[in-house]
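Undergrad:
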Amino acid sequence: MKTRLNSNLLFGLAAASILAVPAFAEDAAPAAGGPEVKFSGEVEFDAYTGDVINEDFKSHSYASTFDLNVDVKFNDKWSASVQLEADGPTTDPGAVYNGAFVQYTHNDKFAVKFGDLTFSEGAFLNYYDYDDPADNAAGMAEHDIRGFEIDYNGLVFGLGFGRGENDNTVCEDDECAGYAYDLHLAYELGLGDHVFRPFVDYKSYQEAKHNELHAGLDANLKIDAFTFHFVYGAHIDALGEKAPKATHAFLAEPSLELGSVSVKGSVFYAYFDEKEPTVHGEEIPEYFFAYAEPSIRIAEPFALGLPIEYHTRSVDKDDDVSTLDVGLRAYATPVEGLEITGFAMVDIAIGDDAGDTGLRFGLETVFGF
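The sequence shown begins at 0 in numbering that gives the first Met the number 0 and counts up one residue at a time.
(1) Comparing C-alpha positions only, which one of 281, 98, 340 sits nearest to residue 80?
(2) Might you give, ordered along the chain, the residues of its own chain that have their beta carbon closer than 8 Å to the beta carbon of residue 272, omitting 5 neighbours on each side?
(3) Between the C-alpha atoms of residue 285 and residue 315, what's the straight-line distance to the nearest angstrom?
(4) Can you tell me the Cα-Cα spacing of residue 37 and residue 275, whole angstroms?
(5) Which runs of the alpha helix (DSSP H) spanning at least 4 residues fall entirely within the stretch 43 to 87, listed in chain order?
(6) Select from 344, 232, 104, 296 the residue whose C-alpha is nearest the C-alpha of residue 282.
(7) For my contact list, residue 87 and residue 63 are in at a C-beta cut-off of 8 Å; report their separation, rounded to the angstrom.
(8) Are there 16 or more other CB atoms within 10 angstroms of the CB of residue 311, so buried, or fewer, so exposed?
(9) Roughly how far, in whole angstroms, is the beta-carbon of residue 328 from the beta-carbon of residue 350, given that I think they are within contact range, below 8 Å?
(10) DSSP state of residue 286, grouped into three classes?
(11) Can you list, in chain order, the residues of its chain with a C-beta nearer than 8 Å to that of residue 325? Leave out the 5 residues immediately preceding and following it.
(12) Could you tell me the boundaries of the beta strand (DSSP E) in which residue 203 lies?
(13) Since I believe residue 139 is in contact with residue 200 (beta carbons under 8 Å), could you give me their beta-carbon distance rounded to a whole number of angstroms?
(14) So, do the stretch 195 to 213 and the stretch 253 to 273 have three or more beta carbon pairs nearer to each other than 8 Å?
(15) Going by DSSP in three states, residue 128 sits in which element: helix, strand or coil?
(16) If you reduce the DSSP assignment to three classes, tell me which class residue 106 lands in.
(17) What are the start and end residues of the beta strand (DSSP E) that includes residue 340?
(18) Unbroken beta strand (DSSP E) runs of length 3 or more, entirely within the stretch 216 to 291: which are they?
(19) Under three-state DSSP, which class holds residue 163?
(20) Counting along the chain, where does the beta strand (DSSP E) carrying residue 361 start and finish?
(21) Where DSSP assigns a beta bridge to residue 112, which residues make up the other side?
(22) In whole angstroms, give me the CA-to-CA distance for residue 160 and residue 119.
(23) Taking buried to mean at least 16 other C-beta atoms within 10 Å of its own C-beta, is residue 95 buried or exposed?
(24) In or out: residue 368 buried (at least 16 other Cβ within 10 Å) or exposed?
(25) Would you report the Cα separation of residue 365 and residue 302, rounded to the nearest angstrom?
(26) Going by CA-CA distance only, name the one from 39, 102, 123 that's closest to residue 288.
(27) Among the candidates 216, 239, 214, whose CA atom is the shortest distance from the CA of residue 205?
(28) When every heavy atom of the ligand GTP is checked, does at least one fall within less than 7 Å of the C-beta of residue 169?
(29) Go to residue 310, then tell me how far its beta strand (DSSP E) extends in each direction, as first and last residue.
(30) Inspect the beta-carbon positions of residue 74 and residue 39 and report whether they are closer than 8 Å.
(31) Can you give me the C-alpha to C-alpha distance between residue 157 and residue 146, rounded to a whole angstrom?
(32) Measuring CB to CB, does residue 293 end up less than 8 Å from residue 331?
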């Protein structure tokens, strides 16, 4: 069964490529003067302290990210892109190839991509510590594939083989499966200023005990100065088996902008089955947290925020390690494309096993080009 499905997928990809040649031949004229090449990217370098109060937890740590995108425009219809990335909790992460794809754009409603593609759904938008969809998401953290994507009037259809960390082997009861393919389907519906995006992602190892499903809804509502982001995500492993049971994630993120004053928040809850849960690593970092941050812009390039956060710090309700975190965040945007954020946070232990109250600091610098 596995050989048949993989062969069918390869045959479909080959057939689509062959049939596309005559259909797109009339769009193959090169741009005058040759292809246009554009470089863009983002750099982030961060420094953090551990707990500066308690002797056993004093430390410092780093995080560094470098993303480089090279976009090539052959003509008005054909383009391509390649990405390089260096990312890690260090001052000198190694740079690696992060994917490339070719795109045919027929018009503003229809486009086709093939190559290395990435899908994610229901990312955390407001809470700064979980806003990287490569790691965390209420809907689905990033799935990388090598395959194709069709975009038509808000509809997204992607199909391919898992690559990178998405090209993994899973085991259960001494039975292992690999060689997965991934199918992604989403539809973005715009109603005025509101956007609704239902999605489904099916990752198949062609073994009932290991097939994986993510499905849900990502909604963004806007009413004057008020915006509201809502996500529901169902996370299912071993589709078709009785265990493990599905995990259901809910995210609500309101925001209010009133001149120089703004308030944003995040409330997240994930329901895990107590006996047989589905747990996707870092994707869902804890089963509940609540965050609110009022802020004020005190001058054109500077703003101050007062974050208040409650964290359970675990996906297991039996763990009693919750904390209440309060502090100060300072934002500076001296020029367009440069953001500097400093913070100081007091972590107040609430749970019996949360340890002692601590104090930590950090500085984050991001610039794009």
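No residue lacks a Cβ here, since even glycine has one placed at the ideal position from N, Cα and C.
TA: Looking at the coordinates:
(1) The residue from 281, 98, 340 with its alpha-carbon nearest to that of residue 80 is 98.
(2) Same-chain partners within the cutoff: 243, 244, 245, 246.
(3) Linking residue 285 to residue 315 through their CA atoms gives a straight-line distance of about 8 Å.
(4) One C-alpha to the other measures close to 49 Å.
(5) Taking only runs of at least 4 residues, no alpha helix (DSSP H) segment lies wholly in the stretch 43 to 87.
(6) With distances taken between Cα atoms, residue 282 lies closest to 232.
(7) Residue 87 to residue 63, Cβ: 7 Å. Contact.
(8) Burial of residue 311 is indicated by the presence of at least 16 other C-beta atoms within 10 angstroms of its C-beta.
(9) The pair is not a contact, with the Cβ atoms about 24 Å apart (cut-off 8 Å).
(10) For residue 286, the secondary structure class from DSSP, reduced to helix, strand or coil, is coil.
(11) Only 305, 306, 307, 308, 344, 345, 347 meet the Cβ criterion.
(12) Looking at the DSSP string, the run of the beta strand (DSSP E) that includes residue 203 is 193 to 203.
(13) Sure, about 6 Å apart at Cβ, within 8 Å.
(14) The stretch 195 to 213, when compared against the stretch 253 to 273, does not touch it at the 8 Å Cβ threshold.
(15) Reduced to three states, the DSSP call for residue 128 is helix.
(16) When DSSP states are grouped into helix, strand and coil, residue 106 belongs to the strand group.
(17) Membership of residue 340 in the beta strand (DSSP E) is indicated by the continuous run 337 to 348.
(18) Listed in chain order, they are 225 to 235, 246 to 257, 260 to 270.
(19) Helix.
(20) Per DSSP, residue 361 belongs to the beta strand (DSSP E) from 357 to 367.
(21) In the DSSP output, where bridge partners are listed per residue, residue 112 has 102, 148.
(22) C-alpha of residue 160 to C-alpha of residue 119: approximately 16 Å in a straight line.
(23) Classification for residue 95: exposed.
(24) Exposed.
(25) Their Cα atoms are separated by approximately 16 Å.
(26) Residue nearest to residue 288 within the set 39, 102, 123 is 123 (criterion: CA-CA distance).
(27) Checked all of 216, 239, 214; the closest Cα to residue 205 is 239.
(28) As presented, the structure is devoid of all ligands, the ligand GTP included, so that no description of it is given.
(29) Boundaries of the beta strand (DSSP E) around residue 310: 307 to 310.
(30) Cβ atoms of residue 74 and residue 39: not closer than 8 Å.
(31) Approximately 7 Å, taken between the alpha carbons.
(32) Result no, Cβ atoms of residue 293 and residue 331 do not sit closer than 8 Å.
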